Amino acid sequence: MNILEAVFTGITQGAMIALVALGYTMVYGVLKLINFAHSEVFMMAAYFGLVFLSLLIGDVSAVNGIVSPEAASSTFAGVFGALRGHPLAAAAAATVLAMLAASALGIGVERVAYKPLRGRGKGALVRVTPLVTALGMSVLLQNLAQLLFTARFRPYPQVLSGEVQVPGLGAITSSRALILGASIIVMIGLELIVKRTWFGKAMRALSANEEAARLMGVRTSRVISMTFALGSSLAALGAVLFCLDQSQVYPTMGVVIGTRAFVAAVLGGIGSITGAMLGGLLIGIIGELVKLTDYSGGVDVLVFLVLILVLLVRPAGLLGSTRTEKV
Amino acid sequence: MRVAHPTRASLALADGAPLLELTDVKVSYGGIKALKGVDLRVFPGEIVAMIGANGAGKTTTLKSIMGLVPLAGGAVKLAGRPLAQDTTEQRVAEGISLAPEGRAIFPNLTVLENLELGAYLHRDAKAMKETLEDVTELFPRLGERMKQEGGTLSGGEQQMLAIGRALMARPRLLLLDEPSLGIAPKLVQQIFRAIAEIARSGVTILLVEQNTRIALSTSQRAYVLRTGEIALEGDAKELASNPEIQAAYLGG
Ligand SMILES: Nc1ncnc2c1ncn2[C@@H]1O[C@H](COP(=O)(O)OP(=O)(O)O)[C@@H](O)[C@H]1O
Ligand SMILES: [Mg+2]
């Protein structure tokens, strides 16, 4: 039973990691670039969610220093007051708002840090320069968060209490059930977007061959922007769900989750959307299983060990493409 | 083949006016002058061939028409209108489609998805359905492989897919870059029969080839490109019997 429980918790953890991993893998797909700033978009999204949620439930104690109680009860009350007394609706609205804000941030990061460099430079620099600006963007966002929100740990308001009964597993906290449910729905939705919509097809075409995609009439810069928006909004969903369940928000929180999500994306095969989901789940489950043992401090060590082993056997990751062009 | 575009207005071209016109087109890659002033005209309904050795600048010419490389000089006009300000997407919308060198199909998308992407700009359900039918009639091998990933096709099938994908856009001008490259002779015959069939339905074609024999027998007029310049032009049959061409491109 213990193991079963750990696996279940691992799946919820993993689903959240997968939501973040998807952003790495989709951006890599279209730009062949590791967007190191993605983990910081995740962190910023956690703050966005915190601010929106606090305003929506009318309790700004968690955001003191960011929003004053006076402003909350006067300026913002008109806009955000409607859902007071409905914590679930407030949480849902805060999540959506955080997703929108994170999309805008993601698009902004791309415009500022990557777009100006596209098609410039020669040889190895074409790949290296954007990596440097990615790291720079990441540091910038982290420092910006310190400045705006200070370094203190801020707990999320606990709006989801109570438990639900799951047959075979017993009681699980309702926030975990929500994470799991929301992640499953979002991942199915994402599969549908990628497989069925014109945007999804354009994104896959662009990943495969940029020039050929342009020859189909795909406006590549628009698809790139939309990919950043989609990836960032998924990270925001992950961030808010994660924080609702268990966590505090702090400016360096992106590093821990971001690293695991990045590893998940590489493990699953960077560029592969299903791979990112699988990688996330595996890392979540491994993490929880390790906690059952005496080596619970060594989760990240084991995660990297698994990564190295998988890459030794399958250099492109579990589901990564190893196809070579046919002549 | 049904070739009318679902929304684009048909062209009002003056009698004898070219559909495509390149005047003194120059393209450089860094210091390398790939095109040194190319003049070329394609009239509506024609199949025009452009032949030339490897590195002569054939692909670069097609890229300059699609707006995939910047011009260092000269102009590209479609139906008399200069395309200088137009992006590649706009040129596709105006009716130019390219089946690029090396096919450049999307290997991890299915054959059907590859074809659908050809219709990305108009997305007209009826036109898509019709062209899908027409393309399967033209290339029955594709019809049998719709659900397969593009990357699993043979080279010849991929070329058929690249041409079919370009047709899905309902172009008025189809540019083909070496459709015979690296393809089994039997399939080359099939593909060139299809090219002639496409032209008969009213699509104008500019055909780039290194396979001079088949290019000259399929086209009405031809240009010979040599190190970035037009060395010869004329009637395809006359060029095929030109001793210079026979010596240089037809193996004597
Ligand atoms: N991307 C590029 N960068 C630099 N030089 C190029 C590039 N593409 C083509 N070239 C050069 O331009 C010339 C014409 O090439 P291309 O148009 O591909 O010829 P063709 O299609 O007739 O074989 C060649 O000398 C080739 O080496
Ligand atoms: Mg070429």
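Here the protein sequences line up with chains A and B, keeping their order. Following the working numbering, the numbering of the first sequence begins with 1 at its first residue and continues without gaps. Following the working numbering, the numbering of the second sequence begins with 1001 at its first residue and continues without gaps. The beta carbon of each residue, even a glycine, is placed where N, CA and C say it ideally should be. Since the model is a prediction, treat every value here as computed from it, not as a measurement.
8 Å Cβ cutoff met for residue i and residue j
{"i": "G238 (chain A)", "j": "F42 (chain A)", "result": "yes"}
{"i": "V30 (chain A)", "j": "T197 (chain A)", "result": "no"}
{"i": "L1161 (chain B)", "j": "V1111 (chain B)", "result": "yes"}
{"i": "V240 (chain A)", "j": "A94 (chain A)", "result": "yes"}
{"i": "A264 (chain A)", "j": "G280 (chain A)", "result": "yes"}
{"i": "L1239 (chain B)", "j": "G1057 (chain B)", "result": "no"}
{"i": "L141 (chain A)", "j": "E40 (chain A)", "result": "yes"}
{"i": "A1236 (chain B)", "j": "L1216 (chain B)", "result": "yes"}
{"i": "L1078 (chain B)", "j": "E1094 (chain B)", "result": "yes"}
{"i": "D1177 (chain B)", "j": "L1098 (chain B)", "result": "yes"}
{"i": "G1074 (chain B)", "j": "D1024 (chain B)", "result": "yes"}
{"i": "I1230 (chain B)", "j": "L1040 (chain B)", "result": "yes"}
{"i": "L1167 (chain B)", "j": "V1188 (chain B)", "result": "no"}
{"i": "L1153 (chain B)", "j": "T1212 (chain B)", "result": "no"}
{"i": "L319 (chain A)", "j": "L278 (chain A)", "result": "yes"}
{"i": "R1172 (chain B)", "j": "V1203 (chain B)", "result": "yes"}
{"i": "G10 (chain A)", "j": "A235 (chain A)", "result": "no"}
{"i": "I1065 (chain B)", "j": "V1048 (chain B)", "result": "no"}
{"i": "V1042 (chain B)", "j": "L1062 (chain B)", "result": "no"}
{"i": "A134 (chain A)", "j": "A113 (chain A)", "result": "yes"}
{"i": "A18 (chain A)", "j": "A276 (chain A)", "result": "yes"}
{"i": "G271 (chain A)", "j": "S321 (chain A)", "result": "yes"}
{"i": "E1137 (chain B)", "j": "M1128 (chain B)", "result": "no"}
{"i": "V164 (chain A)", "j": "S174 (chain A)", "result": "yes"}
{"i": "A182 (chain A)", "j": "A21 (chain A)", "result": "no"}
{"i": "L97 (chain A)", "j": "F149 (chain A)", "result": "no"}
Residue nearest to residue i in terms of C-alpha spacing, selected from the options
{"i": "A1169 (chain B)", "options": "B:E1137, B:Q1246, B:G1118, B:R1008", "result": "B:G1118"}
{"i": "G258 (chain A)", "options": "A:K32, A:L305, A:F36", "result": "A:F36"}
{"i": "P69 (chain A)", "options": "A:V79, A:G78, A:G58", "result": "A:G58"}
{"i": "A229 (chain A)", "options": "A:A72, A:L100, A:R84", "result": "A:L100"}
{"i": "K1033 (chain B)", "options": "B:T1227, B:S1219, B:E1021", "result": "B:T1227"}
{"i": "V7 (chain A)", "options": "A:L180, A:G108, A:S73", "result": "A:L180"}
{"i": "M26 (chain A)", "options": "A:G268, A:L178, A:Q246", "result": "A:G268"}
{"i": "L1132 (chain B)", "options": "B:G1156, B:S1154, B:I1163", "result": "B:I1163"}
{"i": "E1233 (chain B)", "options": "B:Q1085, B:I1051, B:M1128", "result": "B:I1051"}
{"i": "G108 (chain A)", "options": "A:T252, A:P315, A:A261, A:R222", "result": "A:R222"}
{"i": "L1121 (chain B)", "options": "B:A1247, B:H1005, B:M1001, B:Q1246", "result": "B:H1005"}
{"i": "A328 (chain A)", "options": "A:S138, A:N64, A:I224, A:V186", "result": "Nothing about residue 328 (chain A) can be read from this structure; chain A reaches only from 1 to 327."}
{"i": "L1174 (chain B)", "options": "B:Q1085, B:R1193, B:I1198", "result": "B:I1198"}
{"i": "D1086 (chain B)", "options": "B:T1218, B:L1068, B:R1002", "result": "B:L1068"}
{"i": "T12 (chain A)", "options": "A:A104, A:R176, A:A72, A:K195", "result": "A:R176"}
Contacting residues, own chain, Cβ-Cβ under 7 Å from residue i (five flanking each side not counted)
{"i": "V266 (chain A)", "result": "L307, G317"}
{"i": "M216 (chain A)", "result": "A205"}
{"i": "L1159 (chain B)", "result": "According to the sequence shown, residue 1159 (chain B) is Gln rather than Leu. So the list reads R1103, P1179, I1183, I1191, once near-sequence residues are dropped."}
{"i": "P1044 (chain B)", "result": "L1013, L1019, T1204"}
{"i": "I1096 (chain B)", "result": "I1065, M1066, L1078, P1171, L1173, L1175"}
{"i": "R1091 (chain B)", "result": "M1066, G1067, L1083"}
Contact set for residue i: own chain, Cβ-Cβ below 6 Å, skip 5 residues either direction
{"i": "Y250 (chain A)", "result": "F153"}
{"i": "L33 (chain A)", "result": "P130"}
{"i": "P1107 (chain B)", "result": "G1150, G1151"}
{"i": "N1242 (chain B)", "result": "none"}
{"i": "K326 (chain A)", "result": "Reliability of the predicted coordinates at K326 (chain A) is poor, the pLDDT of 38 falling under 50, and no value is obtained from them."}
{"i": "M137 (chain A)", "result": "A37, V109, A113"}
Cβ-based neighbour list, residue i, same chain, cut-off 8 Å, excluding 5 preceding and 5 following
{"i": "F76 (chain A)", "result": "L55, V67"}
{"i": "C243 (chain A)", "result": "A46, G49, L50, Y156, V249"}
{"i": "I184 (chain A)", "result": "A15"}
{"i": "Q1220 (chain B)", "result": "E1046, I1047, V1048, D1235, A1236"}
Pocket of ligand 1 defined by Cβ to heavy atom distance under 6 Å: B:Y1029, B:I1032, B:A1034, B:G1052, B:N1054, B:G1055, B:A1056, B:G1057, B:K1058, B:T1059, B:T1060
Residues within the stretch 1066–1081 of chain B neighbouring chain A, beta-carbon criterion of under 8 Å: M1066, L1068
Chain B contacts made by the stretch 198–221 of chain A, where a contact means CB separation under 7 Å: W198, K201, A202, R204, A205, A208, N209, E211, A212, R214, L215, M216, G217, V218, R219
Chain-ordered residues of the stretch 1095–1118 of chain B with a beta carbon less than 7 Å from chain A: The stretch 1095–1118 of chain B vs chain A, Cβ under 7 Å: L1098, P1100, A1104, F1106, P1107, N1108, L1109, E1113, E1116, L1117, G1118.
Members of the stretch 1123–1135 of chain B near chain A, C-beta cut-off 8 Å: R1123
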